[in-house]
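Trainee: Attaching a single structure in C-alpha cells format; questions to follow.
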Amino acid sequence: MIISDYKSKDVLLIFPQTGIDLKGVNLQMPMGLMCLAAVLVEKGYKVTILDQRVTRDFFKKLKQALKNRPICVGLTSMTGSQILYGIKISTFIRKNSGIPIVWGGTHPTLTAEQTLRNKNIDIVVRGEGEITFWELVDTLFIKKSLEDIKGVSWKAGEKICHNPEREVMDLNTLPPIPYHLVDMEEYVYSQIPGRKRSLDVYTSRGCPGSCIFCYNRSLHKSRFRARNIDAVIKEIEFLVKEFNLDSVFINDDNFFVDAQRSHYFCECLTEKKIVPEWGCQGVRVDSLEKIDFDILEKSGCSNLYVGIESGSEKILKYIKKQISIKQIKNIIDRFAGSRIIAHYNFMVGYPIEGIEELSETMDLVDHIMKVDPKAHFSSFHSITPYPGTEFYDIAKGYGFIPPSTLEGWANIRWETENTPWVSSRMRTINSNITWLTYFIDGKVLYKTKDRSLSMMIIKVLMALARLRWKHRIFEFCPECYVANKLINYKINMRK
Amino acid sequence: MKITLVLCPSWGIETPHLGIALLTANLRRHGYEAEVCDFNIRIHSRDKEKGLWKSEEDVHWENRESLSRFVENNRGLLNSFVDEVLATGAKVIGFSVYNTTKYISLELARRIKERDKDKIIICGGQMCFPKSAAEAVIREEAVDAVVMGEGDEVIVNIMRNIAVSGKPGPCPGIFYKDNGKIIDCGMDFPIADIDRLPFPDFSDFDLKLYDNPAQLPMLSSRGCPYKCVFCNTKLFWLKYRSMSGDRMFQEVLYQLNKYEDVHFFTFNDHSVNANIKALSSFVDQVIELKTKKGDLRRNYAQLSWRGAAVIREEMSRDFVEKLKLSGCIELEYGIESASDRVRGLMKKPPDDVRVIERVIRDTAEAGIGVRANFMFGFPGETEGDFEESLEFLKRNKDYFVQVHPSETFCHIDPNTYMYNHPEEFGIINYKNNSLYWESKDGKSAYPERLRRHQLFCQLANELKIPLSPGGHKILLHKQYFIDEYNHYLERKGE
C-alpha cells in the first residue's frame, strides 16, 4: 500500500525540461498541470507548480518544496527527452524524501506498465488527470488504498495494478485556471508574426480523425469534446487584460470540428473586439471546408496551422488522413484568396514513400508557394511510431522494436535509428529535407531578432535551401550540417 | 542470411551479367551471403540449339507456346535447377527478369515455392519496369517482391527487412506482398554518388563459358544528361550520375588484377563520354598504366575497351587519339539523322552535321572503329531530310566499321517526351503500338518508315558498309514486316 507521510495539505506539480526549451520560441505554459491545479485549488489543496524550464536553481527549490512534505509530487512527460529530466527529478525526490511520486501525461498514459517498472515512480495517472488526480490526492490524504480510483496504475508491493479506465470529463465543469501559480510572463511570446505578446488558450480536446500517426485515437478515442464558447471568450478577455496580450493562440487538437461553434467564437471576438489577432494549430482540411473565411478574417484570425502531411494521394490513404488532394487544393485556393496565413505541415519518411511520392509532396509545396506566396511551411518531420498510435503497431510489424525501458524512450535516437523501413541514405535525405524546409519560406525571418549576423546567415541558408529545393538535391548537404551546429551553439549559448 | 541470384535463359552470352555482379558485390559488402546460379550460360554451353541465343531468336524465348515445349522437353533439367537453387540453402531467391528470361524464371520460381513455400522470391530487371510491368510481375503467385529501378541498395534493404521482420518490405523501390496484399513502396531515390558502390563481383560467373572470356562489362555512369525526345532512359535512371575518372580506373585495375585472362572492357553506359572530364582522367591513368614498366602484377599493355558515345565538339582529334592510346577500339555513336533540322526536332546533339563528320573521321583515322545508329521517319522528317542521311552515308562511307539502322525505324515508347507531347509532333495512333504510329498529315506511317530503312540498308550494302544483323534481317524479310503491319491493321479494323 502506498502511504503518504505528508506534513501539509500541499501538492507539488513539476513540469520537467523537454530538451530544447527556449523562452520566446517554444516555451508554452504547462497547461496540463494547471488544469490539475484548478481542481485541487478549488478543493482546498495548496498547489505549487515548479517548471524546470524557467526555474533557476531548480533542484534547490525542489528540495525546499519537499521539506513541506506535500501529499504527493506529480510529474508530467511527453515521449522523448522530457522523460530523462523527469527520471532525474524522480530520483532526486526519492533520495531526499519518501513522498509518493506520480507520473501523468501522454507517455505514462500509453506506457503505464513500463513507466511503473522504474523504481522511483509509484503511481501513474492515465488519461485525463483532473478528476483522477484529485481523487488520488484525496485518497492519499486520508491514507486509504488506491484500488478504487479509476484511471490509476500503481504498485502494490512488487505487483503493478491497473485500475479500470476513467470516463472522460465534461470540460465545462473545469474550475478557472489558477494562472497565479506560475510566472505567466515566462510564457508570453510571439506566436503570430508581427505580434509580440501571445498566450495559449485551450477550447477543446480530441479530434474525430483517425490518422495512423496520431495518439488521439487511443488518448481521446477519436472523440471531440468542447468547452462552452462563452466561457472561452471570458477566459480570453481575462488573459488579454491581465497579461496585456496583443494576440492569442488556440492550442487544440482540432478546433474547427464544429463549424457552428467556430463561427460563434469568431462572432463573439468580432463583436467584443477583445483581441486584435488570433491563430490556431491542429487544423484539419476537411474541418475548414465548412468554415466561412470572411467570418474568420473579421474576427482577427490571421494564422492557421494546417495538417496536409503529404502531396501523394497514396500516402494520404496509407495514413488514413481521410482527405484528398482535391480537397487540399481547394483549401489552398481559399487561403490564397484571403489574408489568413496558412502554415502547412508535412511529413516524410513514410514506409511506402518513394521518390515519386516525395516529389508529389514537393510539387504541392511549389504549387502553394506559387498560388499563395504568403503561406508558411512548418519544417517537415519524419513519421514516428509513437506509443498509442496505429503506426506504432504497424511499425512493429516492419521490425520496429520499441525501447524496453522508460529511459529508452528518452533517447532521441529511438525514433531516428530504430526505424528499419528507412535506409541509411533515405534517413540522411529525410533529415536534410527537414532542415531545408526550415529555410525555404520566410518563417525563420520573423522568428529571428534583427541582428545583422544572424540575419545574414539565415539569408544565405535560405538561398541555398531554395536552390536545393528547386533542383531536388538532398543527399549532400554540408550546410545542413553547419546549420545544425550553429543552432546547437545558439541553444547552448542561451542555456 | 543468404540470397541466391538466378539468371535463366536466354540472356546475353558475350559478358557475364553486370547487374547481378553489382548486386552480389553490394550484398557481400553489407554482410549478406550471396550466390549466383548462372543457368543461362550453362544451358548455352551445353545446348545443341545455340542458335536460340541469336538476337533474332528472342521471339522464341518470349513466346509462351514455344517455351512450354522447351520446358516440357527439359523437365529434368529445370528440376535439377530447382534442386540446385534449394541446395544453396538461401532463404531469398532473386531472379533477373527480362522479356527473354521471364517465362523460365517464373516457372522456376513456381517450382521452388512448390517445394518450399517459405522461400522468398524477389524479381528485378527489365521486365520489372516501369511500374505497370512491376505490378504484372508481383501479381504472379510465386513472387513475393519486385524491385523497380536500380537495385544495388534496394536489395540490401530487402535483406535487412527480411532479417528483422521476415517480410521484404517496406522500403522504397519495391512492390511486395504483405499477407497477400500488394504494397507499392514507390521508386527509390537514385544513388547520388556511384563512386561509393563496390566493384562488381563476377567471382560466381564462369567466365570461360562466355563468348569472350577476356571481356568484362562496366558501367561508369547511370542515365544520360541529354534530353532526346524519343528516349525514356530518364524514367529508369531518373538522374544522370557519373563515376570519377579515378573510380573508373580503380575498377578496371581491380578486375585486371583479379582476373588474369581479362583485358577487354565493354562500357554499358548510354554515353561513355557524357562526363568528358571523368573520361579524360580515366584514359590518362590507363595510358600511364599501359606504358608503365617494371615490376607489375601483370602486363597491362593489352588492355582495351569499347563503349557508346555521344558526338560532341570536345571529341577533338587529340582527344580521340588519346582514347585510342588508352585502348579504345570501338565507339558507337548515335547519329540518328544527318539532317540538322531533324536532330533539332529530336533535341539530339550536335546541332551541326559538320561536327558529326569531323568526329567520325577523326575517330576512324585515330584507329577506333566507328559504329553508328540511324533512325527513319522521325515525325517531321521530309524526303529531303532523309536524303541528307543517304548523302551523309555516301560522303563518310570509309569511316564506319558498321552501321546500325534502327530495327524499329522510329518507335514511340511510353513516357518519352514525344509520347507525352503528341500535339507537338503531330502524331496519332501511338498509344496501343509503339511501332505503328502515324503522323497527322499522313506523311509518316510504318510502310514509309520501312521504305526509308530499306533504301538506307541497300545503300549501305552498295557502299560496302557492314550492316548490323538487325539491318540484314529486315532487308531480307521485308515482306514479313509488311504482313505483320497489315495484320495489325486488320485486327485494329475489327
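Respectively, the protein sequence lines represent chains A and B.
Heads up, the working numbering is the position in the first sequence plus 11, with the first residue counted as 1.
Heads up, the working numbering is the position in the second sequence plus 429, with the first residue counted as 1.
The beta-carbon is built from N, C-alpha and C at its ideal position, and this holds for glycine as well.
Nothing here was measured: the structure is a model prediction, and the numbers come from that model.
1. What does the alpha-carbon distance come out to for the pair A:L24 and A:I60?
2. In this structure, how does DSSP classify A:L250 when only helix, strand and coil are distinguished?
3. Assess, as a yes-or-no matter, whether the region 576-583 of chain B is touched by the region 603-623 of chain B under the definition of 3 or more beta carbon pairs within less than 8 Å.
4. Mind pulling the chain A residues with CB within less than 9 Å of B:S509?
5. Just to confirm, are B:F696 and B:G736 a CB contact at a threshold of 7 Å?
6. Shortest alpha-carbon distance to B:I894 belongs to which of B:C466, B:K826 and B:I449?
7. DSSP puts A:N356 in a beta bridge; with which residues?
8. So which residues on chain B does A:G365 lean against when the C-beta distance must stay under 7 Å?
9. Count the other CB atoms within 10 Å of the CB of A:A476; is the residue buried (16 or more) or exposed (fewer)?
10. Report the residue ranges of all beta strand (DSSP E) runs contained in full by the region 580-632 of chain B; include only those spanning at least 3 residues, in chain order.
11. Kindly indicate the opening and closing residues of the alpha helix (DSSP H) around A:W114.
12. Under 7 Å, do A:I100 and A:W114 count as touching if we go by C-beta distance?
13. Below 8 Å on C-beta distance, what does A:G322 contact in chain B?
14. Would you tell me roughly how many angstroms separate the C-alpha atoms of A:K325 and A:S108, rounded to the nearest one?
15. From what residue to what residue does the alpha helix (DSSP H) around A:P41 run?
16. With a cut-off of 8 Å on the beta carbons, I'd call A:Y329 and A:S390 a contact; round off their distance for me.
17. Have a look at B:T453 and B:Y527 and give me their C-alpha separation to the nearest angstrom.
18. In the DSSP assignment, find the alpha helix (DSSP H) that holds B:A793 and state where it starts and stops.
19. Alpha carbon to alpha carbon, how far is B:T517 from B:E536? Give it in angstroms, no decimals.
20. Name the chain A residues that come within less than 9 Å of B:L667, Cβ to Cβ?
21. Hey, out of B:I623, B:H699 and B:V681, whose CA is closest to B:Q731's CA?
22. Determine which residues share a DSSP beta bridge with B:A377 and list them.
23. Classify A:F70 as buried or exposed, calling it buried when 16 or more other Cβ atoms lie within 10 Å of its own Cβ.
24. Would you list, in chain order, the members of the region 581-598 of chain B that have their beta-carbon closer than 7 Å to a beta-carbon of chain A?
25. Is any beta-carbon of chain A found at less than 7 Å from that of B:A621?
26. Once DSSP output is grouped into helix, strand and coil, what is the label at B:R651?
27. Give the residues of chain B in contact with A:F487, contact being defined as C-beta atoms less than 8 Å apart.
28. Below 8 Å CB to CB, which residues in the same chain sit around B:C466 once its five sequence neighbours on both sides are set aside?
29. Could you check what DSSP says for B:G855 in three-state terms: helix, strand or coil?
30. Residue ranges of each alpha helix (DSSP H) run of no fewer than 4 residues wholly in the region 453-478 of chain B, ordered along the chain?
31. Which one or two residues does DSSP pair with A:G85 in a beta bridge?
32. Against chain B, with Cβ distances strictly below 7 Å, would A:S310 count as a contact?
33. What residues in the region 385-410 of chain A have a beta carbon less than 7 Å from any beta carbon of chain B?
34. Note the first and the last residue of the continuous alpha helix (DSSP H) segment covering A:I339.
35. Which residues in chain B sit within 7 Å of A:I339, going by Cβ to Cβ distance?
36. Given that a residue counts as buried once 16 or more other Cβ atoms are within 10 Å of its Cβ, and exposed if not, what is A:L478?
Mentor: Taking the definition as stated:
1. On the first sequence, residue 24 of chain A is found 13 positions in, with the first residue counted as 1. On the first sequence, residue 60 of chain A is found 49 positions in, with the first residue counted as 1. Taken atom to atom, the span from the alpha-carbon of A:L24 to that of A:I60 is near 5 Å.
2. Indexing the first sequence from 1 puts residue 250 of chain A at position 239. Look at A:L250 here: in three-state DSSP terms it is helix.
3. They touch, by the three-pair rule.
4. Taking the first residue of the second sequence as 1, we reach residue 509 of chain B at position 80. Listed along the chain, the chain A residues whose CB falls inside 9 Å of the CB of B:S509 amount to none; the nearest CB is some 36 Å away.
5. Residue mapping note: residue 696 of chain B aligns to position 267 of the second sequence, counting from 1. Residue mapping note: residue 736 of chain B aligns to position 307 of the second sequence, counting from 1. Going by C-beta atoms, B:F696 is nearer than 7 Å to B:G736.
6. As a first step, residue 894 of chain B must be located in the second sequence, where it is residue number 465. When only C-alpha atoms are compared, the closest one is B:K826.
7. Within the first sequence, the letter at position 345 stands for residue 356 of chain A. By DSSP's assignment, A:N356 forms a beta bridge with A:G318.
8. What you label residue 365 of chain A is simply residue 354 of the first sequence in a count that begins at 1. Within 7 Å Cβ-Cβ: P601, G602, C614, G615, M616 and D617.
9. For the purposes of this step, residue 476 of chain A is identified with residue 465 of the first sequence, where counting begins at 1. A:A476 comes out buried.
10. Counting whole runs of 3 or more residues, the region 580-632 of chain B contains the beta strand (DSSP E) stretches 603-607 and 610-613.
11. Taking the first residue of the first sequence as position 1, residue 114 of chain A is located at position 103. DSSP places A:W114 outside any alpha helix (DSSP H); the residue lies instead in the beta strand (DSSP E), whose first and last residues are I112 to G115.
12. Position 89 of the first sequence, counted from the start, is the residue given in the question as residue 100 of chain A. Position 103 of the first sequence, counted from the start, is the residue given in the question as residue 114 of chain A. No, the Cβ-Cβ distance between A:I100 and A:W114 is not below 7 Å.
13. Position 311 of the first sequence holds residue 322 of chain A. Chain B residues near A:G322: none, gap ~13 Å exceeds 8 Å.
14. The count along the first sequence starts at 1 and reaches residue 325 of chain A at position 314. The count along the first sequence starts at 1 and reaches residue 108 of chain A at position 97. Their Cα atoms are separated by approximately 55 Å.
15. By 1-based counting over the first sequence, the position of residue 41 of chain A is 30. In the DSSP assignment, A:P41 falls outside any alpha helix (DSSP H) and carries neither an H nor an E.
16. Taking the first sequence and counting its residues from 1, one reaches residue 329 of chain A at position 318. Taking the first sequence and counting its residues from 1, one reaches residue 390 of chain A at position 379. Distance from A:Y329 to A:S390 at the Cβ level is roughly 22 Å; contact not present, criterion being Cβ atoms closer than 8 Å.
17. Mapped onto the second sequence, residue 453 of chain B falls at position 24. Mapped onto the second sequence, residue 527 of chain B falls at position 98. Approximately 18 Å between the Cα atoms of the pair.
18. Indexing the second sequence from 1 puts residue 793 of chain B at position 364. Going by DSSP, B:A793 is part of the alpha helix (DSSP H) stretching over V782 to E794.
19. Translated into positions along the second sequence, residue 536 of chain B becomes position 107. Translated into positions along the second sequence, residue 517 of chain B becomes position 88. Near 19 Å, if we compare the C-alpha coordinates of B:T517 and B:E536.
20. As a working mapping, residue 667 of chain B is identified with position 238 in the second sequence. Result: I366.
21. The residue you call residue 731 of chain B lines up with position 302 of the second sequence. Comparing alpha carbon positions, the residue from B:I623, B:H699 and B:V681 closest to B:Q731 is B:V681.
22. Lying before the first or after the last residue shown, residue 377 of chain B is absent from chain B, which here runs from 430 to 923.
23. Here residue 70 of chain A refers to the residue found at position 59 of the first sequence. So A:F70 counts as exposed.
24. For chain A, the residues of the region 581-598 of chain B that bring a beta carbon within less than 7 Å of one of its beta carbons are E582, N586, R589, N590, V593 and S594, in chain order.
25. Locating residue 621 of chain B in the second sequence gives position 192, where the first residue counts as 1. Judged by the 7 Å Cβ criterion, B:A621 is in contact with chain A.
26. The residue given as residue 651 of chain B occupies position 222 in the second sequence. In the three-state reduction of the DSSP assignment, B:R651 falls in the strand class.
27. For the purposes of this step, residue 487 of chain A is taken as residue 476 along the first sequence, with counting starting at 1. Ordered by position in chain B, the residues that pass the 8 Å Cβ test against A:F487 are A621 and D622.
28. For this step, residue 466 of chain B is matched to residue 37 along the second sequence. Counting only Cβ-Cβ distances below 8 Å, and skipping sequence neighbours, we find T433, L434, V435, L436, F510, E513, V514 and T517.
29. Here residue 855 of chain B refers to the residue found at position 426 when the second sequence is read from its first residue. B:G855 falls in the coil class under three-state DSSP.
30. Contiguous alpha helix (DSSP H) elements confined to the region 453-478 of chain B occur at 468-475, taking only those with 4 or more residues.
31. Taking the first sequence and counting its residues from 1, the one referred to as residue 85 of chain A is at position 74. A:G85 is bridged to A:L24 and A:V113.
32. Reading the first sequence from its first residue, position 299 is the one you call residue 310 of chain A. Not one chain B Cβ lies under 7 Å of A:S310.
33. Correct list: G408, Y409 and G410.
34. The count along the first sequence starts at 1 and reaches residue 339 of chain A at position 328. Run containing A:I339: I336 to A347, per the alpha helix (DSSP H) assignment.
35. Taking the first residue of the first sequence as position 1, residue 339 of chain A is located at position 328. One finds nothing in chain B with a Cβ atom closer than 7 Å to the Cβ of A:I339; even the nearest lies about 19 Å away.
36. Reading the first sequence from its first residue, position 467 is the one you call residue 478 of chain A. Per the 10 Å Cβ criterion, exposed.
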